[in-house]
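Undergrad:
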Amino acid sequence: MYKVLGRKTSGNVQKVLFMLEEIEAAYEREDYGRQFENTQTAEYKAMNPTSKVPTLIHDDLVIWESNTILRYLASTVAPSLTGETAGQRTQVERWMDFLISAVNPGYMGTFKGSRQSPEERPPEYAGLVKDLIAQCTLIDGHLDGKSFFALDKLTIADIACAPILKRCIGFDIERPQLPNLERWVGSMSERPAFQAATG
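All letters in the sequence shown, in the order written, are residues 73 to 271 by the working numbering.
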């Protein structure tokens with residue numbers, strides 16, 4: 073039995089729930105983070121010193137960082153969701169790293185700014201939106217003719233990216249059409265596991 077600590081509205085928590093649902097693993101989830109104001113306690117910090125979500129508890133093991141959790145699950149119970157060789161795994165995991173290093177700054181800036189009035193937005197907002205569009209355009213090109221990010225099958229790359237990229241293309245911003253990314257998001261959104269994780 074796995075225990076997930078984290079609010080269901082968090083995109084990073086949704087990644088973990090998507091995977092657990094996809095592999096039909098037994099788990100329970102408890103609300104932690106933001107409005108619950110319970111990640112700053114000494115008890116939680118002892119498990120996860122970042123005071124962020126998600127945290128996964130599996131028997132006596134405590135794991136934090138959502139992509140690390142996905143890698144752990146793939147390596148222990150769902151090897152079909154990653155590559156068979158080290159080389160194949162690089163094709164999967166580079167997109168998980170790209171999400172964090174390249175997409176996340178623009179995503180977070182646009183997410184925060186989209187909830188503010190134009191007068192409240194920081195000066196760097198326009199640049200963050202521009203950068204997000206650039207990264208999404210790169211992804212759109214990569215997905216041309218592809219159903220999945222890597223290896224022609226569902227992997228933890230798709231699972232990691234889906235909750236975040238669905239939000240990215242849903243922002244009320246001016247952007248070009250991204251037909252391949254939009255098609256891929258639509259395909260991920262149709263999966264029962266994704267719906268259970270994000271609904």
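Built from N, CA and C at the ideal position, the CB exists for glycine as well.
Provide the residue(s) that pair with R101 in DSSP beta bridges, ordered along the chain.
TA: Within the sequence shown, residue 101 is the residue found at index 29, counting from 1. The partner list for R101 (beta bridge, DSSP) reads V76.
Undergrad: Would you kindly check if the distance between the Cβ of D224 and the Cβ of L253 is under 7 Å?
TA: Along the sequence shown, read from residue 1 onward, the residue named residue 253 stands at position 181. Along the sequence shown, read from residue 1 onward, the residue named residue 224 stands at position 152. Cβ distance not < 7 Å, so L253 and D224 don't count as in contact.
Undergrad: Report all residues from its chain with a CB closer than 6 Å to the CB of A146; omit the five preceding and five following residues, and keep chain order.
TA: By 1-based counting over the sequence shown, the position of residue 146 is 74. Excluding sequence neighbours, A146 sits near L153, T154 and I228.
Undergrad: For I135, which residues in the same chain have their Cβ closer than 6 Å to its Cβ, ignoring the five residues on either side in sequence?
TA: For the purposes of this step, residue 135 is taken as the residue at position 63 of the sequence shown. Excluding positions up to five away in sequence, the list reads L128, I141 and Y144.
Undergrad: Does the region 154 to 170 come within contact of the region 102 to 113, defined as at least 3 CB pairs closer than 8 Å?
TA: no
Undergrad: By the 10 Å Cβ neighbour count, where 16 or more other Cβ atoms means buried, how is K202 classified, buried or exposed?
TA: Counting from one through the sequence shown, the residue named residue 202 turns up at place 130. Exposed, because fewer than 16 other Cβ atoms sit within 10 Å of the Cβ of K202.
Undergrad: From Y197 to D244, what distance separates their C-alpha atoms?
TA: Position 125 of the sequence shown, counted from the start, is the residue given in the question as residue 197. Position 172 of the sequence shown, counted from the start, is the residue given in the question as residue 244. Computed Cα separation, rounded: 13 Å.
Undergrad: Do the CB positions of A222 and V149 come within less than 7 Å of each other?
TA: Taking the first residue of the sequence shown as position 1, residue 222 is located at position 150. Taking the first residue of the sequence shown as position 1, residue 149 is located at position 77. Against a cut-off of 7 Å, the Cβ pair of V149 and A222 comes out as no contact.
Undergrad: Could you give the DSSP three-state label for K124: helix, strand or coil?
TA: For the purposes of this step, residue 124 is identified with residue 52 of the sequence shown, where counting begins at 1. In this structure, K124 counts as coil in the three-state DSSP scheme.
Undergrad: If you check the beta carbons only, do A269 and Q86 fall under 7 Å apart?
TA: Translated into positions along the sequence shown, residue 269 becomes position 197. Translated into positions along the sequence shown, residue 86 becomes position 14. The answer is yes: Cβ separation under 7 Å.
Undergrad: Using CA coordinates, which residue listed in L133, H130, F108 and D132 is at the minimum distance from K124?
TA: The sequence position of residue 124 within the sequence shown is 52, counting from 1. The residue among L133, H130, F108 and D132 with its C-alpha nearest the C-alpha of K124 is F108.
Undergrad: Under DSSP, the alpha helix (DSSP H) around I236 begins and ends at which residues?
TA: Position 164 of the sequence shown, counted from the start, is the residue given in the question as residue 236. First-last of the alpha helix (DSSP H) with I236: I228 to G242.
Undergrad: If you check the beta carbons only, do L215 and Y179 fall under 7 Å apart?
TA: Looking up residue 215 in the sequence shown gives position 143. Looking up residue 179 in the sequence shown gives position 107. The answer is no: Cβ separation not under 7 Å.
Undergrad: Leaving out five residues on either side along the sequence, give the residues of the same chain with a beta carbon under 7 Å from the beta carbon of K117.
TA: Indexing the sequence shown from 1 puts residue 117 at position 45. Excluding sequence neighbours, K117 sits near S123.
Undergrad: Quick one: what's got a C-beta closer than 6 Å to L92's C-beta in the same chain, skipping five residues either side?
TA: Against the sequence shown, residue 92 aligns to sequence position 20. Taken in chain order, the residues that qualify are Y99.
Undergrad: Determine the burial state of G258: buried for a count of at least 16 other Cβ atoms within 10 Å of its Cβ, exposed for fewer.
TA: Taking the first residue of the sequence shown as 1, we reach residue 258 at position 186. Classification of G258: exposed, given that the 10 Å Cβ count is below 16.
Undergrad: Within 10 angstroms of its Cβ, does T162 collect 16 or more other Cβ (buried), or is it exposed?
TA: Numbered from 1 along the sequence shown, position 90 holds the residue referred to as residue 162. T162 is exposed by the Cβ-count criterion.
Undergrad: I need the straight-line Cα distance from M168 to V88, nearest angstrom please.
TA: Along the sequence shown, read from residue 1 onward, the residue named residue 168 stands at position 96. Along the sequence shown, read from residue 1 onward, the residue named residue 88 stands at position 16. Their Cα atoms are separated by approximately 13 Å.
Undergrad: Assuming V134 is part of the beta strand (DSSP E), what are its boundary residues?
TA: The sequence position of residue 134 within the sequence shown is 62, counting from 1. Its beta strand (DSSP E) spans residues L133 to W136.
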